[in-house]
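In the working numbering, the protein residues as written are 245 to 652.
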């Protein structure tokens, strides 16, 4: 008997709860309708509040509505709620929403028709903010997403048959959207950009003809170490030359751990061998190797500054993050601020050392950043680590750096 009771208790404790009353009723009575209906519109949708009929036999409230000329949606709200949210509407206009209560025996009430008038949907709010500008080897695209909705910024371009094809799909809920497309010749190229949302609504397309600026990968065979007096010392035999050996595998570059004597932020300096207007770069960090998992951990730089100059380098103690000159501005001894950068977050959001396969792919692909078009030519680079992922700020490491630009 005790074993039987234990089995019953375990079965009860493992029972899935779906948020609705359990469907066990054999009462086929038609349920009453919702009353005191009120609508509050928002961008692309509406909140509908109501009073439920006085019956414990109600399982849920169901809303049925069309969001555009093609797509119908159905939304349910638990008996324990007095509201339902309808969303995904394609425009700011009147839409009919039909509300039903549904009993535990799946009997549907008479309909109650409600009119909603959503405010401008987020994808249409974003579309007028889309801009396209010339970039190195392509086009720079930006947009604003004030509501932080889930949007897709879709770029199209004509193929060899002059038929437009999708060349980029950028999905995000960030409020400020900026990205670039590269790999195009320095001839006029037509691009189109439209905005879509998670329900398949699509804006009109912005077209623009862009002439990409010249871009080539910097020749790593010309790169050389150029140590200055304030540079961090090398540790573990992970020399700076590993940063341009065309592999992101370990070993890369590693400072002493800890740097002795500790000077932070820590810097290293090298010569690209040729001056260029830099367009972008990719940084790779230590990933998973024979000694462990280093994803978003340990000595990987979390924030850093790149400095550059075309003339012969002069050593100086570089300013920390709170005392940087403006972008393109110089230190007292001539180092130009090329940008302050931050490592992107782990896509899964899992705590370290946990990670998903998507996290690993994201990390192993390296992180790419654009330089401002307004920056002057530089030949010598200083990498200044402002903080590391371990937050110890006593050492840093990375495995590869690749730069693109116009060295002509």
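Heads up, the beta-carbon is just placed ideally off N, CA and C, and yes, glycines get one too.
Note that the structure is predicted; figures quoted are calculated from it, not measured.
Residue closest to residue i, alpha-carbon to alpha-carbon, out of the options
{"i": "residue 350", "options": "304, 518, 611", "result": "304"}
{"i": "residue 531", "options": "491, 469, 607", "result": "607"}
{"i": "residue 374", "options": "585, 345, 602, 452", "result": "452"}
{"i": "residue 199", "options": "503, 484, 586, 509", "result": "Given that the chain is displayed from residue 245 to residue 652, the structure contains no residue 199 and the question cannot be resolved."}
{"i": "residue 618", "options": "581, 549, 432", "result": "581"}
{"i": "residue 631", "options": "620, 584, 612, 378", "result": "584"}
{"i": "residue 450", "options": "371, 502, 605", "result": "371"}
{"i": "residue 537", "options": "604, 478, 311", "result": "604"}
{"i": "residue 508", "options": "534, 562, 523, 470", "result": "562"}
{"i": "residue 301", "options": "274, 326, 569", "result": "274"}
{"i": "residue 521", "options": "616, 405, 589, 555", "result": "616"}
{"i": "residue 550", "options": "313, 613, 398", "result": "613"}
{"i": "residue 564", "options": "553, 552, 548", "result": "548"}
{"i": "residue 516", "options": "592, 492, 625", "result": "625"}
Burial state of residue i (16 or more Cβ within 10 Å)
{"i": "residue 652", "result": "exposed"}
{"i": "residue 355", "result": "exposed"}
{"i": "residue 511", "result": "buried"}
{"i": "residue 635", "result": "exposed"}
{"i": "residue 628", "result": "buried"}
{"i": "residue 187", "result": "Outside the displayed span of the chain (245 to 652) sits residue 187, for which this structure offers no information."}
{"i": "residue 602", "result": "exposed"}
{"i": "residue 294", "result": "buried"}
{"i": "residue 282", "result": "exposed"}
{"i": "residue 466", "result": "exposed"}
{"i": "residue 622", "result": "buried"}
{"i": "residue 352", "result": "exposed"}
{"i": "residue 348", "result": "buried"}
{"i": "residue 327", "result": "exposed"}
{"i": "residue 280", "result": "exposed"}
Those residues which DSSP pairs with residue i across a bridge
{"i": "residue 611", "result": "527"}
{"i": "residue 536", "result": "533"}
{"i": "residue 379", "result": "382"}
{"i": "residue 344", "result": "306"}
{"i": "residue 322", "result": "304"}
{"i": "residue 437", "result": "399, 450"}
{"i": "residue 413", "result": "398"}
{"i": "residue 387", "result": "421"}
{"i": "residue 514", "result": "469, 625"}
Cut-off 8 Å between Cβ atoms - residues of its own chain near residue i, not counting five sequence neighbours on either side
{"i": "residue 338", "result": "359, 360, 361"}
{"i": "residue 363", "result": "285, 286, 287, 288, 336"}
{"i": "residue 409", "result": "400, 401, 402, 403"}
{"i": "residue 490", "result": "464, 644"}
{"i": "residue 441", "result": "288, 332, 365, 366, 367, 393, 394, 395, 396"}
{"i": "residue 633", "result": "540, 541, 542, 543, 544, 545, 546, 587"}
{"i": "residue 500", "result": "476, 477, 478, 479, 639"}
{"i": "residue 506", "result": "638"}
{"i": "residue 534", "result": "494"}
{"i": "residue 570", "result": "581"}
7 Å Cβ shell around residue i - same chain, five flanking residues per side excluded
{"i": "residue 369", "result": "287, 390, 391"}
{"i": "residue 558", "result": "577, 578"}
{"i": "residue 473", "result": "559"}
{"i": "residue 574", "result": "580"}
{"i": "residue 330", "result": "289, 290, 292, 307, 309, 319, 341, 360"}
{"i": "residue 597", "result": "537, 541"}
Same chain, Cβ closer than 6 Å to residue i, neighbours up to 5 away in sequence not counted
{"i": "residue 315", "result": "none"}
{"i": "residue 461", "result": "648"}
{"i": "residue 595", "result": "none"}
{"i": "residue 432", "result": "453, 455"}
{"i": "residue 388", "result": "373"}
{"i": "residue 377", "result": "384"}
{"i": "residue 265", "result": "Note that residue 265 scores a pLDDT of 47, beneath 50, so its modelled location is shaky and nothing firm can be said."}
Uninterrupted alpha helix (DSSP H) stretches inside the region 568 to 626 (no shorter than 4 residues): 601 to 608
Contiguous beta strand (DSSP E) assignments of at least 3 residues, all confined to the region 442 to 503: Counting whole runs of 3 or more residues, the region 442 to 503 contains the beta strand (DSSP E) stretches 450 to 454.
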